[in-house]
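Listed in order, the protein sequences are those of chains C and G.
According to the numbering used here, the residues represented by the first sequence are 1 to 337, in order.
According to the numbering used here, the residues represented by the second sequence are 1 to 337, in order.
Worksheet: one structure, shown below.
Protein chains: 2
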Amino acid sequence: MRHRLKDVAERAGVSVKTVSNVVNGYAHVRPDTRARVEEAITALNYRPNLSARNLRKGRTGVIALAVPELDIPYFAELARHVVSAAAELGWTVLIDQTGGGREQERVVASGITDHLIDGLIFSPLALTADDLVNLDGTPMVLLGERVDRGPADHVVIDNVAAAREITNHLVGLGRRRIAAIGSQRTPEGASARLRLDGYRSALVEAGLGYDEALVAPAPVWHRADGAAAMRHLLSSGVRPDAVFCFNDTLALGALRALHETGLRVPEDVAVAGFDGIEDGRFSVPTLTTIAPDKERIARLAVELLANRIDGDRSASPRELAAPYRLEPRESTQGRHP
Amino acid sequence: MRHRLKDVAERAGVSVKTVSNVVNGYAHVRPDTRARVEEAITALNYRPNLSARNLRKGRTGVIALAVPELDIPYFAELARHVVSAAAELGWTVLIDQTGGGREQERVVASGITDHLIDGLIFSPLALTADDLVNLDGTPMVLLGERVDRGPADHVVIDNVAAAREITNHLVGLGRRRIAAIGSQRTPEGASARLRLDGYRSALVEAGLGYDEALVAPAPVWHRADGAAAMRHLLSSGVRPDAVFCFNDTLALGALRALHETGLRVPEDVAVAGFDGIEDGRFSVPTLTTIAPDKERIARLAVELLANRIDGDRSASPRELAAPYRLEPRESTQGRHP
DNA sequence: CCTGGTTTCTACAACGTTGTAGTCAACGTT
DNA sequence: AACGTTGACTACAACGTTGTAGAAACCAGG
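Here is the structure:
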């Protein structure tokens with residue numbers, strides 16, 4: 001049923017190595033020999049055994065993508081692009097869900113040494129530089145926040161500038177009591193801290209001042225957490241006229257909570273998110289957001305990883321920035337801006 | 001840097017095979033020998049080479065999950081559950097995006113013979129039984145619609161009954177001009193046909209009759225297609241008072257289009273979807289839907305595949321049904337039902 | 001002290017592939 | 001005619017692991 005080089009070789013009347021040469025496109029094979037071998041290959045439906053090839057070559061052709069959760073739209077969209085970009089370079093992607101916890105992320109980061117994959121693209125939430133010390137040199141590219149003094153290549157977007165930009169957008173619309181949803185105290189909350197920094201500095205620059213009472217924490221960044229945080233803000237009496245949510249799912253939850261309270265968006269409260277997920281184009285109202293260029297992020301990550309795998313592994317870590325765009329929509333600008 | 005059994009063996013002063021025995025938990029190893037080996041393993045940070053192990057064992061420990069697109073929430077949520085269920089049984093999941101085209105799906109189905117994976121869980125859109133004939137016996141489990149006379153195990157939900165149930169729900173609310181969005185003419189549209197059947201038979205049973213003018217096609221089932229189809233229905237003058245969308249993303253698009261037209265949901269038009277995705281719990285209004293038990297689907301699929309891989313490969317194909325639930329929410333029942 | 005069984009360990013081969021080194025013939029050059 | 005060069009191919013070993021077969025040491029029962 002399942003055939004090996006040897007079977008093909010016998011059928012074609014050549015040596016095993018010649019078949020291997022044909023399969024790998026080696027130049028010096030006579031046309032008629034090549035034809036006989038190819039006939040045998042198709043007749044037997046031969047497919048190389050990748051385990052054997054990998055064992056021999058020390059490569060598997062598989063890279064892993066580790067994300068916190070696949071059903072967070074941002075990561076699903078990112079995964080889609082990574083799989084596509086990897087396929088173009090002949091790689092297969094194995095997807096890992098870390099759940100976002102530090103211990104699980106550490107397991108993933110250390111599990112990369114088990115020879116199944118050639119490299120790892122990793123979007124960590126909780127990992128710190130200390131967790132990345134003894135990696136046996138397996139190539140790795142990190143997505144998202146910088147892991148300080150990180151030993152690995154990195155694709156980032158400028159979270160602080162992006163958060164400042166979207167906060168400025170709210171300021172420019174005349175909002176004065178701008179809340180934030182999604183702050184996190186844990187060391188895991190690197191994105192949260194950077195986005196909070198951008199938010200704060202935009203407020204200070206605009207002369208509005210920074211008021212802790214307007215900042216609502218969210219332990220994780222799901223829709224339900226956004227709704228809960230919004231309800232908390234509304235019931236605490238701080239009466240915000242705008243809210244910057246640190247990601248889009250939080251914002252969708254906030255929209256829902258505002259709707260339930262009977263407040264109008266954006267007339268009473270303007271809402272902005274972060275991530276540029278597809279849902280935001282169809283929500284009611286549509287969602288103003290910062291949209292990182294996910295395709296670019298994915299392609300940069302795959303290319304960095306490819307260079308690492310094929311090239312110099314000891315080169316010092318590179319950090320590339322991917323662009324993002326502010327996409328103003330109804331949730332801040334109203335129906336007919 | 002990277003160590004092999006041989007290195008561990010030398011350090012522990014035993015044979016390679018003894019180390020292998022320790023790694024694999026073989027019973028008859030003296031406690032002190034075991035301890036020495038384990039010490040050497042941790043000291044050298046030994047991790048088995050999976051390519052070599054796989055080559056030797058003829059197993060890779062990797063299964064593939066092939067879905068049309070990862071950023072369709074239904075598939076992302078499904079993928080999450082499959083990855084979890086597989087992890088519990090010690091398998092790693094490799095995710096493939098087919099794009100949903102027949103040719104690409106055929107490639108995936110035939111690519112399963114390349115020894116990288118032990119089995120495949122496949123959620124096809126376009127594949128027919130003919131495409132599945134020469135699979136070299138690699139275990140496969142299909143999700144979703146039956147591929148007629150399919151040679152493979154199958155996990156399904158009863159699409160016809162579910163579609164009938166949700167249509168009945170709309171009928172029970174007093175709706176009389178119930179439209180449908182998502183019909184497809186192509187052979188690819190198996191789900192579409194089954195859901196249309198259920199819709200039609202519910203209407204006929206209720207004495208409402210079936211009107212083709214109320215059925216809007218959608219080439220693919222994205223939000224934008226749902227919005228376009230809804231706009232088309234509204235402008236064609238058929239004046240529906242309810243609409244059953246064949247999946248949730250279509251329904252979210254339809255909600256958006258209704259909102260833009262100024263129609264109220266559910267007062268003017270009730271909207272129902274299918275898939276039970278997370279978004280529908282937070283949309284405005286929240287979305288009535290048929291929610292298949294995705295966790296169950298994933299677990300059944302992984303278990304079927306496990307049985308196939310470990311057990312009798314020639315056993316006749318099994319078909320298991322997963323349960324679903326009608327989840328009535330605001331888009332049909334209003335804010336305070 | 002011998003017998004037969006169990007425990008503990010080892011040597012060797014094999015999984016399917018590819019890199020290395022090599023053979024042999026055909027060719028063009030002196 | 002002798003030479004090196006190239007083309008076309010092959011034999012062999014090796015990648016790191018585990019199954020098989022078996023050796024050596026130990027034990028219990030007679």
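All residues carry an ideal CB built from backbone N, CA and C; glycine is no exception.
As the structure is a computational prediction, the values presented were derived from the model and not from experiment.
Check whether the segment 292 to 302 of chain C touches the segment 211 to 225 of chain C, taking contact to mean three or more Cβ pairs, one atom from each stretch, closer than 8 Å.
no
Taking Cβ-Cβ distances shorter than 8 Å, what residues in chain G pair up with Val284/C?
Position 284 of the first sequence, counted from the first residue, corresponds to residue 284/C. What Val284/C touches in chain G: Leu255, Arg256, His259, Ser283, Val284.
Can you check which of these residues, Met140/G, Ala12/G, Ala218/G, Thr167/G, is closest to Tyr210/G by C-alpha distance?
On the second sequence, residue 210/G is found 210 positions in, with the first residue counted as 1. Considering only alpha carbons, the answer is Thr167/G.
Looking at Asn247/G: is its Cβ nearer than 7 Å to the Cβ of Asp279/G?
Within the second sequence, numbered from 1, the residue matching residue 247/G stands at position 247. Within the second sequence, numbered from 1, the residue matching residue 279/G stands at position 279. Against a cut-off of 7 Å, the Cβ pair of Asp279/G and Asn247/G comes out as no contact.
One question on the structure: do Val22/C and Ala9/C come within less than 7 Å of each other, judged by their Cβ atoms?
Taking the first sequence and counting its residues from 1, one reaches residue 22/C at position 22. Taking the first sequence and counting its residues from 1, one reaches residue 9/C at position 9. No; because the gap between Cβ atoms is not below 7 Å, this pair is not in contact.
Mind pulling the chain G residues with CB within less than 9 Å of Arg223/C?
On the first sequence, residue 223/C is found 223 positions in, with the first residue counted as 1. What Arg223/C touches in chain G: Glu278, Asp279, Arg281, Phe282.
How far does the alpha helix (DSSP H) with Ile297/G in it extend, from its first residue to its last?
Your numbering for residue 297/G matches position 297 in the second sequence. 294 to 310 is the extent of the alpha helix (DSSP H) around Ile297/G.
So with CB distances below 8 Å, who are the chain G contacts of Ile339/C?
In this structure chain C extends from 1 to 337, so residue 339/C is not present and cannot be described.
How is the alpha helix (DSSP H) around Gln184/G delimited, first residue to last?
In the second sequence, residue 184/G corresponds to position 184, counting from 1. Looking at the DSSP string, Gln184/G is not in any alpha helix (DSSP H), and its letter there is neither H nor E.
If you draw a straight line from the C-alpha of Arg11/G to the C-alpha of Thr42/G, how long is it?
Counted from its first residue, the second sequence places residue 11/G at position 11. Counted from its first residue, the second sequence places residue 42/G at position 42. Going from the Cα of Arg11/G to the Cα of Thr42/G covers about 11 Å.
Under 8 Å (Cβ pairs) to chain C, residues found in the segment 50 to 75 of chain G:
Leu50, Ser51, Ala52, Asn54, Leu55, Thr60, Val62, Glu69, Leu70, Asp71, Pro73
Do His226/G and Ala254/G have their C-beta atoms closer together than 7 Å?
Within the second sequence, numbered from 1, the residue matching residue 226/G stands at position 226. Within the second sequence, numbered from 1, the residue matching residue 254/G stands at position 254. Just to set this straight, residue 226/G is Gly in the shown sequence, not His. Yes, they are a contact pair.
Between which two residues does the alpha helix (DSSP H) holding Glu69/C run?
Working through the first sequence from its first residue, we reach residue 69/C at position 69. Segment: none, Glu69/C is in no alpha helix (DSSP H) and carries neither H nor E.
Helix, strand or coil for Asp279/G? Go by DSSP, reduced to three states.
As a working note, residue 279/G is residue 279 in the second sequence. Reduced to three states, the DSSP call for Asp279/G is helix.
Which residues mark the beginning and the end of the beta strand (DSSP E) in which Gly154/C is found?
As a working mapping, residue 154/C is identified with position 154 in the first sequence. Before going on, a small fix: residue 154/C reads as His here, not Gly. Unbroken beta strand (DSSP E) run through His154/C: 153 to 156.
Count the other C-beta atoms from every protein chain shown that fall within 10 angstroms of the C-beta of Arg175/G, then say buried if there are 16 or more, exposed otherwise.
Here residue 175/G is taken as the residue at index 175 of the second sequence, counted from 1. When all chains shown are included, Arg175/G counts as buried.
Only counting the same chain, and skipping five residues up and downstream in sequence, which positions put a Cβ closer than 8 Å to that of Ala213/G?
Sequence index remark: in the second sequence, residue 213/G carries index 213 (1-based). Answer for Ala213/G: Ser236, Val238, listed in chain order.
Using three-state DSSP, classify Ala218/C as helix, strand or coil.
Sequence index remark: in the first sequence, residue 218/C carries index 218 (1-based). Coil at Ala218/C, not helix or strand.
Chain-ordered chain G contacts of Leu252/C [CB-CB under 7 Å]:
As a first step, residue 252/C is located in the first sequence; it is residue number 252 there, counting from the start. In chain order: Phe282.
What is the residue span of the alpha helix (DSSP H) that Arg59/C lies within?
Working through the first sequence from its first residue, we reach residue 59/C at position 59. Arg59/C -> no alpha helix (DSSP H), and no H or E assigned at all.
For Leu116/C, which residues in chain G fall below 7 Å Cβ to Cβ?
Counted from its first residue, the first sequence places residue 116/C at position 116. Those within 7 Å of Leu116/C in chain G are Leu50.
Looking at C-alpha atoms only, which residue of Val29/C, Arg164/C, Ser316/C is the closest neighbour of Ile290/C?
Here residue 290/C is taken as the residue at index 290 of the first sequence, counted from 1. The candidate whose alpha carbon is nearest that of Ile290/C is Arg164/C.
Name the chain C residues that come within less than 7 Å of Ala315/G, Cβ to Cβ?
Translated into positions along the second sequence, residue 315/G becomes position 315. Result: empty, since nearest Cβ-Cβ is about 17 Å, beyond 7 Å.
Whose Cβ in chain C lies nearer than 7 Å to the Cβ of Ala298/G?
By 1-based counting over the second sequence, the position of residue 298/G is 298. The contacting residues do not exist; Ala298/G stays about 12 Å from chain C at best.
Residues in its own chain within less than 8 Å of Arg318/C by CB, not counting five upstream and five downstream?
By 1-based counting over the first sequence, the position of residue 318/C is 318. These residues qualify, in order along the chain: Asp153, His154, Leu304.
Within the chosen definition, does the segment 324 to 334 of chain C reach the segment 261 to 271 of chain C through at least 3 CB pairs nearer than 8 Å?
yes
Does the segment 57 to 64 of chain G come into contact with the segment 25 to 42 of chain G, if we say contact requires no fewer than three beta-carbon pairs (one atom in each stretch) closer than 8 Å?
no
Kindly list, in the order they appear in chain C, the residues whose Cβ is closer than 8 Å to that of Ala227/G.
The count along the second sequence starts at 1 and reaches residue 227/G at position 227. Residues of chain C passing the Cβ test: Phe282.
For Val82/G and Asp197/C, the rounded distance between their alpha carbons
Walking along the first sequence from the start, residue 197/C turns up at place 197. Walking along the second sequence from the start, residue 82/G turns up at place 82. Between Asp197/C and Val82/G, the C-alpha separation is close to 38 Å.
Is the CB-CB distance between Ala126/C and Arg102/C below 7 Å?
Indexing the first sequence from 1 puts residue 126/C at position 126. Indexing the first sequence from 1 puts residue 102/C at position 102. Going by C-beta atoms, Ala126/C is nearer than 7 Å to Arg102/C.
Taking DSSP as the reference, what is the three-state secondary structure of Val269/G?
As a working note, residue 269/G is residue 269 in the second sequence. Coil, per DSSP.
Relative to the C-alpha of Asp118/G, which residue among Ile309/G, Glu327/G, Leu44/G is closest?
Start at 1 with the first residue of the second sequence, and residue 118/G comes out as number 118. Nearest option by C-alpha distance: Ile309/G.
DSSP on Asp118/G, reduced to helix/strand/coil?
As a position in the second sequence, residue 118/G is number 118, starting the count at 1. DSSP places Asp118/G in coil when its eight states are reduced to three.
Beta-carbon separation of Ile95/G and Leu65/G under 7 Å?
One-based indexing of the second sequence puts residue 95/G at position 95. One-based indexing of the second sequence puts residue 65/G at position 65. Taking 7 Å as the Cβ cut-off, Ile95/G and Leu65/G qualify as a contacting pair.
Alpha carbon to alpha carbon, how far is Val107/C from Asn45/G?
For the purposes of this step, residue 107/C is taken as the residue at position 107 of the first sequence. For the purposes of this step, residue 45/G is taken as the residue at position 45 of the second sequence. So the alpha carbons of these two residues sit roughly 14 Å apart.
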